[in-house]
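Heads up: the structure comes next, in structure tokens.
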Amino acid sequence: MYIPDTNPGKPNKWKWVAEFLFLLLSIALAVLVMRPIHDYYGEHFHYYVSNYAFIVLFLTYTRYLFLLKYTPFSHNMWIKLILVFASIPLMLWLVDDTYDFRRMLEEEGLEPMVQSKVLDTRMNLAKYAKYEYLFFSSSAIITIILIPFRMMISIWRVKNKKDGSL
713 MYIPDTNPGK PNKWKWVAEF LFLLLSIALA VLVMRPIHDY YGEHFHYYVS NYAFIVLFLT
773 YTRYLFLLKY TPFSHNMWIK LILVFASIPL MLWLVDDTYD FRRMLEEEGL EPMVQSKVLD
833 TRMNLAKYAK YEYLFFSSSA IITIILIPFR MMISIWRVKN KKDGSL
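Counting from 713, one number per residue, gives the positions in the sequence shown under the numbering used here.
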């Protein structure tokens with residue numbers, strides 16, 4: 713979706729609307745991915761917050777990696793610097809939560825938490841929860857590692873190009 717910029721230094725309101733819609737879409741997709749886990753695990757699954765954070769961060773930061781020039785802050789150096797330095801503690805938190813989840817998998821496993829009495833359902837749901845969590849956690853960690861480099865390249869391009877394009 714191309715949203716033309718009349719002034720590259722000041723984004724128009726449609727870029728902010730698009731950013732908000734993409735955030736809502738990311739949250740809606742996270743809810744859809746987490747729906748089976750909510751249905752079968754209930755309150756027994758202790759990794760809801762980190763799992764939602766993994767999904768939303770992965771989708772949002774992947775969009776920033778590839779579609780940065782369509783964001784409202786594509787020419788704002790300060791927001792890019794905030795993203796660079798916020799990635800450090802965010803990455804540490806994500807790695808710590810991934811480690812906690814893997815430790816819990818090795819010690820307890822996911823099958824006892826499932827409320828279903830059918831063994832096949834418990835096993836399939838445990839596999840789904842495990843692979844979903846590990847996929848989005850590793851994907852989010854990779855994008856968190858890449859985003860500072862992308863932001864620094866973008867800052868460099870905006871500062872050194874006369875026309876201000878990315």
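The beta-carbon is built from N, C-alpha and C at its ideal position, and this holds for glycine as well. It should be emphasised that the depicted structure is a prediction, and the values quoted were computed from it without experimental measurement.
Rounded to whole angstroms, M816 and H758 show a C-alpha spacing of 10 Å. Under a 10 Å Cβ-count criterion, Y760 is classified as exposed, with fewer than 16 other Cβ atoms of the shown protein chains found around its own Cβ.
Closest in alpha carbon position to L771, among T855, N872, P860, is T855. N788 carries a coil assignment under DSSP once its states are collapsed to helix, strand and coil.
Take the alpha-carbon of A740 and the one of S762: they are about 16 Å apart. Taken through DSSP and simplified to helix, strand or coil, H758 comes out as coil. Comparing alpha carbon positions, the residue from F766, F734, I865 closest to V745 is F766.
Apart from the 5 residues on each side of it in sequence, S738 sits with its Cβ closer than 7 Å to the Cβ of V768, L771, T772 in its chain, given in chain order. Of the residues assessed, L804 falls on the exposed side of the cut-off, its CB having fewer than 16 other CB atoms within 10 angstroms.
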